[in-house]
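J.: Attaching a single structure in structure tokens format; questions to follow.
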Amino acid sequence: MITGINHINLSVKDLEESFQFYKEVLGFKPIAKWKKGAYLLAGDLWFCIF
Numbered sequence: 688m689i690t691g692i693n694h695i696n697l698s699v700k701d702l703e704e705s706f707q708f709y710k711e712v713l714g715f716k717p718i719a720k721w722k723k724g725a726y727l728l729a730g731d732l733w734f735c736i737f
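So for the sequence shown, the numbering used here puts the first residue at 688; every next one is plus one.
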């Protein structure tokens with residue numbers, strides 16, 4: 688039985704465009720960003736784009 692989700696990883700075509708979308712449009716909180724990826728928080732969910 689699944690009781691929750693800890694994190695999600697997504698491969699994106701344009702990191703900067705995706706980062707801005709998740710941060711500004713959806714309101715995710717940026718945690719870390721590097722050349723090829725970023726971590727954001729959506730509530731308690733860790734969200735990684737790379």
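Ideal Cβ placement from N, Cα and C applies to all residues, glycine included. Note that this is a predicted model, so its numbers are computed, not measured.
Using only alpha-carbon positions, find the residue among I692, A725 and L732 that is nearest to E703.
T.: A725
J.: Based on Cα-Cα distance, which residue from H694, Q707 and K700 lies nearest to K720?
T.: Minimum Cα distance to K720 is reached at Q707.
J.: How should I718 be labelled, buried or exposed, when 16 other C-beta atoms within 10 angstroms of its C-beta is the threshold for buried?
T.: exposed
J.: From G692 to K723, what distance separates their C-alpha atoms?
T.: It should be pointed out that residue 692 corresponds to Ile in this sequence rather than to Gly. Cα to Cα, the separation comes out at about 24 Å.
J.: Just to confirm my understanding: we take Y709, look at its own chain, exclude 5 residues before and 5 after, and list those with CB closer than 6 Å. What are they?
T.: F715 and L727
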